[in-house]
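Trainee: Be aware that the sequence shown starts at 3, since it is given in our numbering, and climbs by one per residue.
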Amino acid sequence: MRDPGPRQRQAQAPDSRDDALTASELTLARWQGHGVPTLRAKALSRNGSLHADGEGGSVSTEKSAESAAASVDRRVTTRVARAYFDAIARRDVEAAVALWTPGGREHVRGQVDTTAPDGVRDFLNSLFDPFPDLQFEIVSMTVERDRAACRWEARGTFTGAPFQGIAPTGASVTIEGVDVLTVRDGLIISNDVFTDGMTVARQLGLMPPDGSRVDKALKSAFNVRTRLLAALGGAHAEDVADGVWLLRGGFPGRTMNVYFVRDGDGVLVFDAGVRSMTAAVRAAGAQLGGITRVVLGHGHVDHRGTAGALGVPVLCHPLERSDAEGDGGLSYFHQDLLNPVGRLLMPRMLARWDGGPVTISDTVAEGDQIAGFEVIHLPGHAPGMIGLWRAADRLALTSDCFYTLDPQTGRKGGPRVPHAAFNHDTAQARDSIRKLAALEPAAAWPGHADPVLGDVRTQLERAAG
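#1: Rounded to the nearest angstrom, what separates V175 and L312 at their Cα positions?
#2: Can you tell me the Cα-Cα spacing of A163 and A203, whole angstroms?
#3: Out of T406, L189 and V114, which one is the CA nearest neighbour of P104?
#4: Looking at the secondary structure, which residues open and close the beta strand (DSSP E) in which M258 lies?
#5: What three-state label does DSSP hand G158 in the structure shown?
#6: Judging by CA-CA distance, which residue of G112, R77, T116 and E139 is the nearest neighbour of R93?
#7: Roughly how many whole angstroms lie between the Cα atoms of T411 and H305?
#8: Select from G167, G179, D181 and F160 the residue whose C-alpha is nearest the C-alpha of A173.
#9: Which of helix, strand or coil does DSSP assign to A239?
#10: Can you grab the Cα-Cα spacing for the pair N259 / F424, in whole Å?
#11: Could you spell out the range, first to last residue, of the alpha helix (DSSP H) harbouring M351?
#12: Using a Cβ-Cβ distance under 8 Å, would W247 count as near chain B?
#13: Taking the continuous alpha helix (DSSP H) assigned at Q205, which residues delimit it?
#14: Just the Cα atoms here: how many angstroms apart are R468 and G158?
#15: Whole angstroms are fine: how far does the CA of D433 sit from the CA of D329?
#16: Could you check whether D402 and A420 sit closer than 8 Å to each other, using their CB atoms as the reference points?
#17: Go ahead and label Y405 buried or exposed: buried means 16 or more other beta carbons lie within 10 angstroms of its beta carbon, across all protein chains shown.
#18: Straight-line CA distance for A239 to A373?
#19: Alpha carbon to alpha carbon, what distance is there between C152 and I362?
#20: Taking the straight line between their C-alpha atoms, what separation do you get for Q34 and T79?
#21: How do the stretch 383-400 and the stretch 426-446 stand: do at least 3 beta-carbon pairs fall below 8 Å, yes or no?
#22: Can you tell me whether R42 is buried or exposed? The criterion is at least 16 other CB atoms within 10 Å of its CB, across all chains shown.
#23: Tell me, to the nearest whole angstrom, how far the beta carbon of W391 is from that of E368; I am working on the premise that it is less than 8 Å.
Okay, structure coming up:
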C-alpha cells in the first residue's frame, strides 16, 4: 500500500447501516447474473417472509421480488463503487484491483483500453507515479441497478514520472472526469472513463493556453491546411438537377466528379472519386441527410477512392466486382500508349488517388431501378461500367462513358472516346457512346470535368465516330 501523504484527502467510508444486507437480500444478490432459479424462484412477501411460486405466489409478490432484487443490485453496486473510489483516494492500487473481475475492461476513451488485473494496475500506477501528491475527490455519484456513474475531480503536481510520454513539467493539474462502473456478482466487470483531454493537455503545457498568441497562430495554420484540403477534396456539392448534386475535387484541377442522388431521406453516392476527397464526400453526404450506399460507375482507382471509408454498402455491376475488389483495373491499362510525361506521372497519380480495394455488398445490372434512375450498361472503358438514366428529365450520369478533357494535359473540351491507355475495349467504348446518344439525353454528366449539354445526341455521335 502506498502512503497517501500528509496532503491526501481521505474518502469517507460508507455508513454500515447503508450497506448492511439481510440474508434474504444476499440470496437475491447471488441470483443476479445467474438467471432466476428454475420453476420455484423464492420471492419476498410484504411481511418479509419467503415463499415459492405456486405456493401462494401472486403478481404482487413477483413484483415485490423484482423490486427487492433491484434494490439489492443498487446497494451492492453502491458499496463496490464506494470501496473502489475510496481505494483510489488512498492510492491503494492493490485494494482497487481486488474489486475487479479478472478480464474486466477498463476503457478510458481515447487513451487506454485494457483489462484487469494487470492492465488496471498499470493504468492506476501510470496516474499516481507522475503526480506524487495526487488528491482524488468524488463530486457526485448516481447508481442504477448494476451501474454507477461517478463524477470526480483529481488535483496534483506533475513532478514525478513521465505521463503518457511527456517529461514532468512541474505544472499543477486539475483533471475532471466521469467513471461509469458496471458491477456483477459484487465485482467490477467494466469501467468507461470520460475525461477532458484538451484541458489536461493545456495544463501540462503540451498545448498553448486558449486564446493566447501561440494558440491563435496554431489555429490559423490549421485553418490554412483545412482550406487547402477543401480545395483538393472538394469544397461543397452543387445542385445539378432535381435531387442530384455534384462534388468536384481531386488534384490536379478538381476534375474528379462524385454525384449524390436523393435516396429516401439520405443520398446515394454515384462514383466515389479519389482518396483525397474522403472528408469532403462525408461532409457533403451529411449535409444532404446522410449517405445510404455507394454505386460505382466502374471500379477504377479514381472512382473507388472514397468508397471503402464511408461505412456504407458498395454496389457495382457483376463484371466490375473483380476490379473494385482487386487492382482497380490496372491489369488491362496500357500506359505505354501515353506520352513520355504521362508514362512518368500517371502511375504516381493513380497510386495517390486510390483508396484501395473495396468490399462489394451487392450488384446491379442493366434495367435495375435505383433511387429513381435506371441502370444502363456502358461497357468498353471498363467491362462492367454503368450509367444512371432518368427518363423523366432525360438526365444521364455517365461515369467514364466519354471524356470531356485530355487526361494527359488536363485540357477541357467536347466529348471524346476515353483514352485507349485506360480502356478495356476501345471499340466497345465507342458502341456505348452510341448507345447513350440514342437515349437523346438533355444532359450527360461524366465522371470527370464538365457535362455535355445542348444537342447532346449529335455531340456524342460525333465523338463515337
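Built from N, CA and C at the ideal position, the CB exists for glycine as well.
As the structure is a prediction and not an experimental result, all values here were calculated from the model.
Mentor: According to the data block:
#1: If you number the sequence shown from 1, residue 175 lands on position 173. If you number the sequence shown from 1, residue 312 lands on position 310. Going by the C-alpha atoms only, they are around 39 Å apart.
#2: Position 161 of the sequence shown holds residue 163. Position 201 of the sequence shown holds residue 203. Approximately 16 Å between the Cα atoms of the pair.
#3: Numbered from 1 along the sequence shown, position 102 holds the residue referred to as residue 104. Closest by alpha carbon: L189.
#4: Here residue 258 corresponds to residue number 256 of the sequence shown, with the count starting at 1. From DSSP, the beta strand (DSSP E) with M258 extends over M258 to D265.
#5: Translated into the one-based positions of the sequence shown, residue 158 becomes position 156. Reduced to three states, the DSSP call for G158 is strand.
#6: Sequence index remark: in the sequence shown, residue 93 carries index 91 (1-based). Checking every option, the nearest Cα to that of R93 belongs to E139.
#7: Counting from one through the sequence shown, the residue named residue 411 turns up at place 409. Counting from one through the sequence shown, the residue named residue 305 turns up at place 303. For T411 and H305, the distance between alpha carbons rounds to 20 Å.
#8: Counting from one through the sequence shown, the residue named residue 173 turns up at place 171. Closest option to A173, Cα to Cα, is F160.
#9: By 1-based counting over the sequence shown, the position of residue 239 is 237. Reduced to three states, the DSSP call for A239 is strand.
#10: Locating residue 259 in the sequence shown gives position 257, where the first residue counts as 1. Locating residue 424 in the sequence shown gives position 422, where the first residue counts as 1. When rounded, the distance between both Cα atoms is 18 Å.
#11: Walking along the sequence shown from the start, residue 351 turns up at place 349. Looking at the DSSP string, the run of the alpha helix (DSSP H) that includes M351 is P342 to W355.
#12: Included in the structure is just one protein chain, with no chain B present.
#13: To locate residue 205, count along the sequence shown from 1; it is residue 203. First-last of the alpha helix (DSSP H) with Q205: G199 to L206.
#14: With the chain covering 3 to 467 only, the question about residue 468 has no answer from this structure.
#15: The residue you call residue 329 lines up with position 327 of the sequence shown. The residue you call residue 433 lines up with position 431 of the sequence shown. Each residue's Cα considered, the two are about 26 Å apart.
#16: Position 418 of the sequence shown, counted from the start, is the residue given in the question as residue 420. Position 400 of the sequence shown, counted from the start, is the residue given in the question as residue 402. In the sequence under discussion, the amino acid at residue 420 is Pro, which differs from the Ala named in the question. Yes, the pair counts as a contact, with Cβ atoms nearer than the cut-off.
#17: Position 403 of the sequence shown, counting from 1, holds the residue named residue 405. It counts as buried.
#18: As a working note, residue 239 is residue 237 in the sequence shown. As a working note, residue 373 is residue 371 in the sequence shown. Rounded to the nearest angstrom, the two C-alpha atoms are 18 Å apart.
#19: Position 360 of the sequence shown, counted from the start, is the residue given in the question as residue 362. Position 150 of the sequence shown, counted from the start, is the residue given in the question as residue 152. Cα to Cα, the separation comes out at about 44 Å.
#20: In the sequence shown, the residue the question calls residue 34 occupies position 32. In the sequence shown, the residue the question calls residue 79 occupies position 77. In this prediction, Q34 has a pLDDT of 40, which is less than 50 and means its spatial position is unreliable; what the coordinates show is noted afterwards. Each residue's Cα considered, the two are about 12 Å apart.
#21: yes
#22: In the sequence shown, the residue the question calls residue 42 occupies position 40. For R42, the predicted structure reports a pLDDT of 32, less than 50, and the residue's modelled location is therefore unreliable. The matter cannot be settled from this model.
#23: Along the sequence shown, read from residue 1 onward, the residue named residue 391 stands at position 389. Along the sequence shown, read from residue 1 onward, the residue named residue 368 stands at position 366. At roughly 10 Å, the Cβ-Cβ gap does not stay under 8 Å, so W391 and E368 are not in contact.
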